[in-house]
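Residue numbers (the working numbering): -15 to 461.
Note that the Cβ used here is the ideal one computed from N, Cα and C, for glycine as well.
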Amino acid sequence: MSYNNFCWDVLAWDKIHNIVFKFQRKIYSATLLGEKERIYFLQHKILNSKLIRLWIIKQLIEKDKFRLNIKYIFFICSKLLKFNLSLPQFSISKRLFKYFLEMKFSLVKLAIEPVFQAVAKRCKISSTEHSYSPNRIIKIINEELQQKQPQYFYNVCLKKYLCQIKCEAILDRISNFFHPKIKSYLYKLLKLNLLKYYTNLITYHYYEIQIKSNIIVELCNLLLNNVFNKFRLILCKYNATRNILLEYLISNISMPHKYLRYLYNFTIIHKDFQYIQEVNKLFLVWLSYIGISQKIKFKIWQPKDQKLEVLNFCFYPQKNQTSGKVYIAPSFAAQKHLFKTIQIFRFRMKNANINDYILKLSLLLKTWKSYFLLCNCKKTLAKLDNLIFIQVYLWAIKRHPQWSKNKIKTKYFTRISKYKYQKRIYQSSWILSNANFQQNNQYDYFCLLEKLRWICLKPITTTKHLHSYSYLYYLNI
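Okay, structure coming up:
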């Protein structure tokens, strides 16, 4: 065994994973049966099992980007295998403290996740019913906007108000199925503004569509789902009572609603405007019950409105067209965030060469790819493309402040006649050159930067079309 490598294959990790799964399955069954003492016993076993801790340590170290030598791995294992849920009494480094926190969150999540699943099962709430993926929500809204019958959309975002939710509302009756150590630990975390840290983690990750796996995000999602599922149950009971009353007044009435939620975003779709107003009053009463007394900004979209904004996307229904097409564009907040990020990136890379700058800028835009793939508004994406090119052009000017415009054009933005311009390159990428002036303007390599509007371009047929889609000719540099 080398000094920089650590062999984890000494233990049968698949069997340990099966042991963890069996513990969780037993906790799930005990929760359905209401056996609290058995739940406490199983959760205590998970918290104090050194084998499970070692399994978690292996996963945490494998996720770490930095390679650790065998000495430091043994040091981590010796410290983390002895800790409890209280803060460590020994002095540790920042990296070890990070492992310490993630270890605690992972153990708590393993112990309480089956309880939440069992409670949701008892309340007859499936995972696909109480929370949708952003792709699914965008698809449903797009289908509803294309219908001929007018629909009303009620949208609320609770991102700014999560810290106001009371601890008692998060850990109410379900905390009776938690071990006393877990219960007290969760109360301490919530008192220390865990939800505020959670909000800061996911605020600027909306463009990733599906937020990357993070143990803090996963733990907070479990706690918040328990709160938000209660409003789902209240709404279902309210609809059942309302339908019974309406059957006595109006026969054969059938006006189902659609309830869509992703994280802290709520969207309700219905054909009756009066029903939307009733839901709004019900929602405000429920918010005051869980501790949010501040005025909430909610939006009710009516068919006469021209724009609907949900989940950082803007929907523009085309009412004059018979096809009923709906244009989906990035929200103004997302465009502003992207533009500021590229500006900061340009300032930090002002002394880099063209190859490194374009490579890292491409990686930055690829993180937004899943977000922009849901958009189909060519006009907005073309506008963002031009803004990005202006930032590239400004980078070239700042990189060579004493050069003339023609020299910069020859270096980076010249027309490359010897290179065969293929349609696929014009459709998907921008082309930048890197001319070597000492070798009679021979080009060492080309830099390709993907466009944001690659999915919205029509097939290229003429040379005029070809040049208009290339930012090199479009802006007449």
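Legend entry - K144 versus N249 - alpha carbon distance: 11 Å
Legend entry - Within 8 Å, strictly: CB atoms of I200 and Y171: For I200 and Y171, no; Cβs fall outside 8 Å.
Inset, instruction - Compare the beta carbon distance of S115 and R245 with 8 Å and say whether it is the shorter of the two. - result: yes
Inset, instruction - Starting from T364, trace the beta strand (DSSP E) both ways and give me its first and last residue. - result: Counting along the chain, T364 falls outside any beta strand (DSSP E), though it belongs to the alpha helix (DSSP H) covering K362 to R383.
Legend entry - Proximity below 8 Å, CB of I312 to CB of F297: yes
Legend entry - C-beta atoms of Q133 and I276 nearer than 8 Å: With a cutoff of 8 Å on beta-carbon distance, Q133 and I276 are scored as not near each other.
Inset, instruction - Give the range of the alpha helix (DSSP H) segment to which F212 is assigned. - result: I199 to L233
Inset, instruction - May I ask which residues mark the beginning and end of the beta strand (DSSP E) holding A313? - result: V310 to P314
Inset, instruction - Measure the Cβ-Cβ separation of Y83 and V263 and say whether it is below 8 Å. - result: no
Inset, instruction - Please name the residue, chosen from C220, L348 and P287, that lies closest to H241 on a Cα-to-Cα basis. - result: C220
Inset, instruction - Determine, using beta carbons only, whether L178 and C204 come nearer to each other than 8 Å. - result: Yes, the pair counts as a contact, with Cβ atoms nearer than the cut-off.
Inset, instruction - Compute the beta-carbon to beta-carbon distance between T251 and I121, rounded to the nearest angstrom, for a pair I have assumed lies under 8 Å. - result: 7 Å
Legend entry - Outcome for A380 when other beta-carbon atoms lying within 10 angstroms are tallied against a minimum of 16: buried
Inset, instruction - Identify, in the order they occur along the chain, each residue of the same chain with its Cβ nearer than 8 Å to the Cβ of L358, setting aside the five sequence neighbours on each side. - result: These residues qualify, in order along the chain: P118, N119, I122, I193, F297 and I312.
Inset, instruction - Alpha carbon to alpha carbon, how far is K150 from K165? Give it in angstroms, no decimals. - result: Distance between the alpha carbons of K165 and K150: 20 Å.
Legend entry - Backbone CA spacing between E231 and V140 [nearest angstrom]: 30 Å
Inset, instruction - For L271, I'd like the list of residues in its chain whose CB is within less than 6 Å of its CB, leaving aside the five on either flank, ordered along the chain. - result: Cβ neighbours of L271 beyond the five flanking positions: none.
Inset, instruction - Using three-state DSSP, classify W352 as helix, strand or coil. - result: coil
Inset, instruction - Determine, using beta carbons only, whether L206 and E97 come nearer to each other than 8 Å. - result: yes
Legend entry - Status (buried if at least 16 other CB within 10 Å, exposed otherwise) for I326: By the 16-neighbour rule on beta-carbons within 10 angstroms, I326 is buried.
Inset, instruction - Check the DSSP bridge columns for W137 and list the partner residues they point to. - result: In the sequence as displayed, the identity of residue 137 is Phe instead of Trp. Beta-bridge pairing links F137 to I253 and W285.
Inset, instruction - Report whether the distance from the Cβ of I45 to the nearest heavy atom of the ligand NAP is below 7 Å. - result: The ligand NAP is absent from the structure shown, which contains no ligands of any kind.
Inset, instruction - Could you give the DSSP three-state label for Y242: helix, strand or coil? - result: The amino acid at residue 242 is misidentified as Tyr; the sequence shows Lys. Three-state result, K242: strand.
Legend entry - Reduced DSSP secondary structure (H/G/I, E/B, other) of E434: strand
Inset, instruction - Taking 8 Å as the cut-off, decide whether the C-beta atoms of K309 and Q302 are in contact. - result: yes
Inset, instruction - Please determine, among Y341, L295 and L26, the residue with the shortest C-alpha to C-alpha distance to S13. - result: L26
Legend entry - Straight-line gap, Q8 to A(-4) (C-alpha atoms, nearest Å): Each residue's alpha carbon lies about 19 Å from the other.
Inset, instruction - Tell me, please, which residues DSSP counts as bridged to E293. - result: C298
Legend entry - alpha helix (DSSP H) segment containing H28, residue limits: K20 to N32
Legend entry - Collapsed DSSP secondary structure at L94 in the structure displayed: helix
Legend entry - Buried/exposed call for L233, threshold 16 Cβ in 10 Å: L233 should be labelled exposed.
Inset, instruction - Determine the burial state of E152: buried for a count of at least 16 other Cβ atoms within 10 Å of its Cβ, exposed for fewer. - result: exposed
Inset, instruction - Would you kindly check if the distance between the Cβ of F100 and the Cβ of N210 is under 8 Å? - result: yes
Inset, instruction - Report all residues from its chain with a CB closer than 8 Å to the CB of L16; omit the five preceding and five following residues, and keep chain order. - result: A102, K105 and R106
Legend entry - Inter-residue spacing [alpha-carbon to alpha-carbon] between S315 and L292: 10 Å
Inset, instruction - Return the first residue and the last residue of the alpha helix (DSSP H) that H1 is part of. - result: W(-3) to L17
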